Amino acid sequence: MVSSYLKNPFFKRFNRVLINTIHTNFENNSKQLFERLLTRGSTNKAASQWKNLGFKSANLASQFHKEAYDSWERNLHLLNPEKMFITSVSDSDELFINNKIICKNWKECIKPQILQHAEA
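For the sequence shown, our numbering begins at 5 and goes up steadily by one.
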């Protein structure tokens, strides 16, 4: 499925491709999806159906989540990327790119920027 998506002619029109894969664990991914659905106006019941990314159990959803990342990484070569980055956040909210810390407590660092854009 990922290879078919990445073979789409849309991607061929770019001369240079940079890839930034954002790693998040299943629990955070599921929680973020639930919160996005609620902010888009979904009912609590409808959003709850996506608690496990739409799967009947957290175990199945976690397996799918892992396979999605694995498949993504196996097929990135199809884009012939010029550079690849991996972004992750530690449990203590440190933001990393390619295993180098770039910001401590990143949520606090971006709040002023988010508020500024919200007021505009």
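Where a beta carbon is used, it is the ideal one built from N, C-alpha and C, also for glycine. Computed from a prediction, not measured in an experiment: that's the story for all the values here.
Ends of the alpha helix (DSSP H) at residue i?
i   : result
L10 : 6-10
T43 : 30-43
H69 : 62-79
Whole-angstrom Cβ separation of residue i and residue j, contact assumed at under 8 angstroms?
i   : j   : result
L83 : L10 : 6 angstroms
Could you tell me the alpha carbon to alpha carbon distance between residue i and residue j, rounded to whole angstroms?
i    : j    : result
V93  : N19  : 30 angstroms
N146 : A62  : Because the chain here runs from 5 to 124, residue 146 falls outside it and cannot be looked at.
N29  : K35  : 10 angstroms
W110 : F89  : 18 angstroms
C107 : E98  : 6 angstroms
C113 : N103 : 19 angstroms
S66  : W54  : 13 angstroms
L64  : T43  : 26 angstroms
F59  : H69  : 11 angstroms
Select from the options the residue whose C-alpha is nearest the C-alpha of residue i.
i    : options              : result
H81  : V21, F30, N32        : V21
V184 : F100, K108, S75, S52 : Outside the displayed span of the chain (5 to 124) sits residue 184, for which this structure offers no information.
T25  : K108, N79, D97, I114 : N79
F15  : P85, E71, L42, S46   : P85
E77  : P13, H27, N12, R17   : H27
I132 : S66, P13, T47, I23   : Because the chain here runs from 5 to 124, residue 132 falls outside it and cannot be looked at.
Y73  : I105, N33, K49, T47  : N33
From what residue to what residue does the beta strand (DSSP E) around residue i run?
i    : result
S92  : 87-93
F100 : 99-101
T25  : 22-26
Return the bridge partner residues of residue i from the DSSP annotation.
i    : result
C107 : L99
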